[in-house]
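Trainee: Chains as they are written, first to last, in UniProt numbering: chain D, 1 to 91; chain V, 1 to 91; chain R, 1 to 91; chain U, 1 to 91. Handing you a structure now.
4 protein chains.
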Amino acid sequence: MRCCVRTSCGKRLSRIEGQVRGIARMLEDDRYCIDVVTQISAVRAALKRVEEEILKDHVSTCVETAIQSGDKDEQRRKVGELVATLGKMRA
Amino acid sequence: MRCCVRTSCGKRLSRIEGQVRGIARMLEDDRYCIDVVTQISAVRAALKRVEEEILKDHVSTCVETAIQSGDKDEQRRKVGELVATLGKMRA
Amino acid sequence: MRCCVRTSCGKRLSRIEGQVRGIARMLEDDRYCIDVVTQISAVRAALKRVEEEILKDHVSTCVETAIQSGDKDEQRRKVGELVATLGKMRA
Amino acid sequence: MRCCVRTSCGKRLSRIEGQVRGIARMLEDDRYCIDVVTQISAVRAALKRVEEEILKDHVSTCVETAIQSGDKDEQRRKVGELVATLGKMRA
């Protein structure tokens, strides 16, 4: 993974970590259920964007390296991983 | 929200918080992209289960209270909130 | 269901039926896989909009009737159905 | 697309076409909203399975051909298409 992507995703994850702590505090403060659920949906959406950023970078680095290498088995592995991972992200 | 649900969801959220920190460490350790994305998908699924637990409790507490109250406007508000929240959870 | 909603959703469904037939023809014509999948995703999105239109109408007719009736059991049934149906629509 | 996949998906699509017609009849018969929505969700799920069958075949035919060809640009195109298509299927 490129360094700039690791840094940007690292920052996003630490914000998300803070948001999760914030949601836990909402529970302690017995905040209204719908407000808590709305916050959780926002965190899920933020996590999805991190996934997408990493996958985009993965295609232009790891998958590209496999293409450059001409190694057919490695290319098949990379394609198989992508399809499986994107399939799981549909849940 | 019932106390037992707040406690159980609080525990889940603190586990999720730890998982998010773990994913950040995976980035620092330059772990393979697909492994990182797989972990993020697992955290999203865990968050979805917290949402579902809270909403289930919401129906049997807040919505039930509105039904018991006979207050038609309050009942409409509760139904509207549920539909909007569940609609957002589809994203 | 209100008559206007039945008419509008009926028209959408007959368009969707035509689209499904069109996709079957794409298969017969051995069209490129990605083009076929793109069309299927479009049909799924169109079906989702029909679901949403029907549910929106359901809230303002059937659920509203239950609210007006003051029948608590019927109100509980309606809320339970909504949550279960919207939960399935998340798949 | 392999002939066997075209045949199997063709059969699925004609079943789906019949189901869509059946849903239109449910509207004409003024059937209960939730029953109609449940049927539509089932059709969406059936369409998703057709998408998955076609994509699976696409990976082992079109993408495999690109891998065999050693044509790097064609391989990049195939990977890009897969990521874009699977991304849309998440909606």
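Heads up, the beta-carbon is just placed ideally off N, CA and C, and yes, glycines get one too. Everything numeric in this text was worked out from a predicted model, so none of it was measured.
Below 8 Å between beta carbons is the criterion; list the residues of the stretch 36 to 58 of chain R that meet it against any residue of chain U, in chain order.
Mentor: For the stretch 36 to 58 of chain R, which is checked against every Cβ of chain U, the residues closer than 8 Å are VAL36, VAL37, THR38, ILE40, SER41, VAL43, ARG44, ALA45, LEU47, LYS48, VAL50, GLU51, ILE54, LEU55, ASP57 and HIS58.
Trainee: Give the range of the alpha helix (DSSP H) segment to which D:ALA26 is assigned.
Mentor: The sequence position of residue 26 of chain D within the first sequence is 26, counting from 1. Looking at the sequence shown, residue 26 of chain D is not Ala but Met. Note, D:MET26: alpha helix (DSSP H), 3 to 28.
Trainee: Starting from V:LYS72, find everything on chain A with Cβ-Cβ shorter than 9 Å and list it in chain order.
Mentor: Considering every chain present, this structure includes no chain A. Its protein chains are D, V, R and U.
Trainee: Taking the alpha helix (DSSP H) that U:THR65 falls in, what are its first and last residues?
Mentor: Residue mapping note: residue 65 of chain U aligns to position 65 of the fourth sequence, counting from 1. It spans 64 to 69 - the alpha helix (DSSP H) in which U:THR65 sits, taken as one unbroken run.
Trainee: Quick one, are the C-beta atoms of D:ARG44 and V:ARG21 less than 9 Å apart?
Mentor: The residue labelled residue 44 of chain D in the question sits at position 44 within the first sequence. The residue labelled residue 21 of chain V in the question sits at position 21 within the second sequence. No, the pair does not count as a contact, with Cβ atoms beyond the cut-off.
Trainee: Is R:ARG21 close to chain V? Criterion is C-beta to C-beta, closer than 9 Å.
Mentor: For this step, residue 21 of chain R is matched to residue 21 along the third sequence. By this cut-off, R:ARG21 is not an interface position.
Trainee: By the criterion of Cβ-Cβ separation under 9 Å, what are the contact partners of U:SER14 in chain R?
Mentor: Here residue 14 of chain U is taken as the residue at index 14 of the fourth sequence, counted from 1. Going along chain R in sequence order, the residues near U:SER14 (Cβ under 9 Å) are VAL20, ARG21 and ALA24.
Trainee: Would you mind telling me which residues of chain U sit closer than 8 Å to residue 104 of chain D, beta carbon to beta carbon, in chain order?
Mentor: Residue 104 of chain D is absent from the model: chain D starts at 1 and stops at 91.
Trainee: Taking just the CA atoms, how far does D:LYS78 sit from U:GLY87?
Mentor: Here residue 87 of chain U is taken as the residue at index 87 of the fourth sequence, counted from 1. Here residue 78 of chain D is taken as the residue at index 78 of the first sequence, counted from 1. Their backbone Cα atoms lie some 17 Å apart in a straight line.
Trainee: Please list the partners that R:CYS4 has in chain U, where partner means a Cβ-to-Cβ separation under 8 Å.
Mentor: As a first step, residue 4 of chain R must be located in the third sequence, where it is residue number 4. Per Cβ cutoff of 8 Å: no residues; R:CYS4 is ~12 Å from chain U at best.
Trainee: In the structure shown, what three-state DSSP assignment does U:ARG31 receive?
Mentor: For the purposes of this step, residue 31 of chain U is taken as the residue at position 31 of the fourth sequence. Correct three-state label for U:ARG31: coil.
Trainee: Can you find a CB in chain U that lies within less than 9 Å of the CB of R:GLU64?
Mentor: As a first step, residue 64 of chain R is located in the third sequence; it is residue number 64 there, counting from the start. No, R:GLU64 lies away from the interface with chain U (no Cβ there is under 9 Å from its Cβ).
Trainee: If the cut is a Cβ gap below 9 Å, which residues of chain D does U:LEU82 touch?
Mentor: The residue given as residue 82 of chain U occupies position 82 in the fourth sequence. Result: VAL79, LEU82, VAL83 and LEU86.
Trainee: Is the Cβ-Cβ distance between V:GLU51 and D:ILE67 less than 9 Å?
Mentor: Looking up residue 51 of chain V in the second sequence gives position 51. Looking up residue 67 of chain D in the first sequence gives position 67. No, Cβ-Cβ distance for V:GLU51 and D:ILE67 is not below 9 Å.
Trainee: Is the CB-CB distance between V:HIS58 and D:ILE23 below 9 Å?
Mentor: For the purposes of this step, residue 58 of chain V is taken as the residue at position 58 of the second sequence. For the purposes of this step, residue 23 of chain D is taken as the residue at position 23 of the first sequence. Against a cut-off of 9 Å, the Cβ pair of D:ILE23 and V:HIS58 comes out as no contact.
Trainee: Would you kindly check if the distance between the Cβ of V:VAL37 and the Cβ of R:LEU82 is under 9 Å?
Mentor: Translated into the one-based positions of the third sequence, residue 82 of chain R becomes position 82. Translated into the one-based positions of the second sequence, residue 37 of chain V becomes position 37. No; because the gap between Cβ atoms is not below 9 Å, this pair is not in contact.
Trainee: Whose C-alpha, out of R:CYS3, R:VAL63 and R:MET26, is nearest the C-alpha of U:LEU13?
Mentor: On the fourth sequence, residue 13 of chain U is found 13 positions in, with the first residue counted as 1. Of the candidates R:CYS3, R:VAL63 and R:MET26, the one whose C-alpha sits nearest the C-alpha of U:LEU13 is R:MET26.
Trainee: Would you kindly check if the distance between the Cβ of R:GLU53 and the Cβ of R:CYS3 is under 9 Å?
Mentor: As a first step, residue 3 of chain R is located in the third sequence; it is residue number 3 there, counting from the start. As a first step, residue 53 of chain R is located in the third sequence; it is residue number 53 there, counting from the start. Not in contact: R:CYS3 and R:GLU53 (Cβ atoms no closer than 9 Å).
Trainee: Smallest Cα separation from U:ALA46: which of U:ARG6, U:GLY80 and U:GLU17?
Mentor: Sequence index remark: in the fourth sequence, residue 46 of chain U carries index 46 (1-based). Taking only the C-alpha atoms, the option nearest U:ALA46 is U:GLU17.
Trainee: Is the beta carbon of R:GLN19 closer than 9 Å to that of V:GLN75?
Mentor: For the purposes of this step, residue 75 of chain V is taken as the residue at position 75 of the second sequence. For the purposes of this step, residue 19 of chain R is taken as the residue at position 19 of the third sequence. Result no, Cβ atoms of V:GLN75 and R:GLN19 do not sit closer than 9 Å.
Trainee: Within a Cβ cutoff of 8 Å, which residues of the same chain sit near V:VAL5, ignoring the five residues on either side of it in sequence?
Mentor: In the second sequence, the residue the question calls residue 5 of chain V occupies position 5. These residues qualify, in order along the chain: GLU53, ILE54 and ASP57.
Trainee: Could you give the distance in angstroms between the alpha-carbon of R:LYS11 and the alpha-carbon of R:THR65?
Mentor: Walking along the third sequence from the start, residue 11 of chain R turns up at place 11. Walking along the third sequence from the start, residue 65 of chain R turns up at place 65. For R:LYS11 and R:THR65, the distance between alpha carbons rounds to 26 Å.
Trainee: Check for me: the alpha helix (DSSP H) holding U:THR61 runs from which residue to which?
Mentor: Here residue 61 of chain U refers to the residue found at position 61 of the fourth sequence. Premise fails: U:THR61 is in no alpha helix (DSSP H) and is neither H nor E.
Trainee: Kindly list the residues whose CB is nearer than 8 Å to the CB of V:ALA42, restricted to its own chain and excluding five residues on each side of it in sequence; keep chain order.
Mentor: Within the second sequence, the letter at position 42 stands for residue 42 of chain V. The residues are GLN19.
Trainee: Measure the beta-carbon distance from D:MET1 to V:ASP30 and round it to whole angstroms, keeping in mind my assumption that it falls under 8 Å.
Mentor: Numbered from 1 along the first sequence, position 1 holds the residue referred to as residue 1 of chain D. Numbered from 1 along the second sequence, position 30 holds the residue referred to as residue 30 of chain V. The pair is a contact, with the Cβ atoms about 6 Å apart (cut-off 8 Å).
Trainee: Below 8 Å on the Cβ atoms is my guess for U:GLY80 versus D:GLY70; work out the distance and round it to an integer in Å.
Mentor: The sequence position of residue 80 of chain U within the fourth sequence is 80, counting from 1. The sequence position of residue 70 of chain D within the first sequence is 70, counting from 1. U:GLY80 to D:GLY70, Cβ: 19 Å. No contact.
Trainee: Going along the chain, which residues of its own chain have a beta-carbon closer than 8 Å to the beta-carbon of D:LYS48, five neighbours each way excluded?
Mentor: As a first step, residue 48 of chain D must be located in the first sequence, where it is residue number 48. These residues qualify, in order along the chain: MET89.
Trainee: Tell me whether U:THR7 is buried or exposed, calling it buried when 16 or more other Cβ atoms sit within 10 Å of its Cβ.
Mentor: Counting from 1 along the fourth sequence, the entry for residue 7 of chain U is found at position 7. So U:THR7 counts as exposed.
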